[in-house]
Amino acid sequence: MDSILVTGNGPLSGDIPIAGAKNACLTLMPATLLSEEPLTLTNAPRLSDIRTMTVLLQSLGAEVTALQDGKVLAMSSHGLTTQRADYDIVRKMRASILVLGPLLARFGHAEVSLPGGCAIGARPVDLHLKAMEALGAEMDLRDGYVHAKAPAGGLRGGIIEFPFASVGATENALLAATLAKGTTEIRNAAREPEIVDLAQCLRKMGAQIEGEGSSTITIQGVERLGGATHRVVTDRIELGTYMLAPAVCGGEVTCLGGTISLVESFCEKLDAAGISVEETEKGLTVARRTDRVKAVNVTTEPFPGFPTDLQAQMMALLCTADGSSVLEEKIFENRFMHAPELTRMGARIDVHGGTATVHGVERLKGAPVMATDLRASVSLILAGLAAEGETVVSRVYHLDRGYENVEDKLSAVGAKIERIQGQ
Ligand code: UD1
């Protein structure tokens, strides 16, 4: 297993290109299952999660070809061979459940293994299943699989009312409703930019959708969908992560392709901490000119609130803030596994249930640490950039699920970071 060696050093300067969004790509790829005609995605990120979705779609008989070094995904589902998504692939990635809606909508039945994924709490899929039921499907859980069956004549439009906003369940509902007969209304829908991106792509394929980006999405089902070419939206989590690099160790970095609208609530917290963010034609320029950042309180919320996927990285920044910060995690239980690792580097953090209080220290010290999930792993790298001495982050396979070329991107702006193979 690879590890990453980070040596804390001075200020950073330069440009970091931001890739297409992993989470958008993972919901856009299953959209190919809705149509016989080709769907091509450009600006795709080159990540192991995208390769896992590729293997899953191929196992269903879809053609998925990675072009231009993986930045373009040419897909076609004209000759699917099965509607069963096997445990062996699904267990590797929770987003695999997103094939359920499209398969059910186009073929009237699907069998999808219950997923695994990051170890950040229970993460059930009950809302995905309830959404399919609201469209008339019968759902049966047997042998670790969801067996879904549409009524004769296919899924029927209906009202899907979520008790709270779920990104994945909204995406599954949206995908399925495009081919359901009649009108579907998704109430309490998630509003994330990845959902807006999915709706825009589905519309290019011929779907009739209104209201994406608000809490109510209305879909008028159509007979069939066609092909499309779509550019994957910028990854707001990768963007926020690299914006934190100059914030933790000083300097000025421009994140190419970034816009404030993708990370507005995050920018408000950076501003409160004393970090400046400026939007230009190129992207977002982030600078830290003060000696120490100020403590700020952060509560994670669904979009447009502060993203849970940036909580661990923000904690890395606040470890060396002047004062105490309170971080409240409202989306996932058990998402502070990075806290004990940061403590190994000299951070002072008290965790009580869903709340972590970070008492800022002057400086962190490098240490061997272990990545526990995707976002936790990159928070340890950020902490290492600011720490005195060497930090070795092990178990970086989590990192490769969500960040392409992290070492290259950070080295290019002056960070001392390298990958150690096979440790
Ligand atoms: C997506 C993102 C993930 C991000 C999360 C929240 C992808 C591939 N992943 O995950 O990076 O952290 O949004 O922004 O896009 N829940 C249920 N039942 C369900 C579904 C969800 O109880 O059927 C709960 C979850 O346990 C969690 C909350 O709802 O507490 C929100 O989860 P959800 O928005 O569904 O997250 P994901 O779509 O899994």
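The sequence shown maps to residues 1 to 423 in UniProt numbering.
Here a beta-carbon is modelled for each residue, glycine too, at the ideal position from N, C-alpha and C.
Just so you know, these numbers come straight off a predicted model, no measurement behind them.
Taking 7 Å as the cut-off, the Cβ atoms of Gln-313 and Thr-241 count as close. Collapsing the DSSP output to three states places Gln-421 in coil.
A check of alpha carbon separations from Val-393 across Lys-409, Glu-36, Ala-386 and Val-369 identifies Val-369 as the nearest.
Secondary structure at Cys-255: strand, using DSSP grouped into helix, strand and coil.
Not one heavy atom of the ligand UD1 lies closer than 6 Å to the C-beta of Val-146.
Residue range 145 to 149 is occupied by the beta strand (DSSP E) that includes Ala-148, with no alpha helix (DSSP H) assigned at that position.
Relative to the ligand UD1, even the nearest heavy atom lies 6 Å or more away from the CB of Thr-234.
Under DSSP, Met-139 shares a beta bridge with Ala-148. The Cβ neighbour count for Phe-164, taken over all protein chains shown within 10 Å, is under 16; the residue is labelled exposed. Using a Cβ distance threshold of 7 Å, Cys-201 and Leu-28 count as a contacting pair. For the pair Ala-247 and Leu-317, the CB atoms are nearer than the 7 Å cut-off. The closest CA to that of Leu-47, considering only Leu-34, Lys-269, Thr-280 and Leu-374, is found on Leu-374. Comparing alpha carbon positions, the residue from Ala-295, Ser-265, Val-293 and Ile-260 closest to Glu-278 is Ile-260. Under DSSP, Ser-35 takes part in a beta bridge, and its partners are Leu-225. With respect to the 7 Å criterion, Glu-171 and His-147 are not classified as neighbours on the basis of their beta carbons. Taken through DSSP and simplified to helix, strand or coil, Phe-164 comes out as coil. Thr-183 is not a Cβ neighbour of Gly-213, given a cutoff of 7 Å. Here Met-370 carries a strand assignment [DSSP, helix/strand/coil]. Between Arg-292 and Gly-250, the gap from beta carbon to beta carbon reaches 7 Å or more.
Note on Tyr-397: under 16 other CB atoms within 10 angstroms of its CB, so exposed under the neighbour-count rule.
Taken in chain order, the unbroken stretches of alpha helix (DSSP H) that lie wholly in the region 36 to 113 and span 4 residues or more are 48 to 59, 87 to 90 and 100 to 107.
Residues Gly-226 and Gly-227 of the same chain have their beta carbon placed closer than 6 Å to that of Glu-37, with the five preceding and five following residues left out of the count. Asp-309 carries a helical assignment under DSSP once its states are collapsed to helix, strand and coil.
The ligand UD1 has a heavy atom closer than 6 Å to the beta-carbon of Thr-308.
Given a length threshold of 4 residues, each whole run of the alpha helix (DSSP H) inside the region 327 to 355 is given here in chain order: 338 to 344.
Pairing Thr-7 with Gly-384, the inter-Cα distance amounts to about 7 Å.
The beta carbons of Ile-50 and Thr-234 sit about 15 Å from each other, so the pair does not count as a contact at 8 Å.
DSSP places Ala-383 within a helical segment (H, G or I) once states are collapsed to three.
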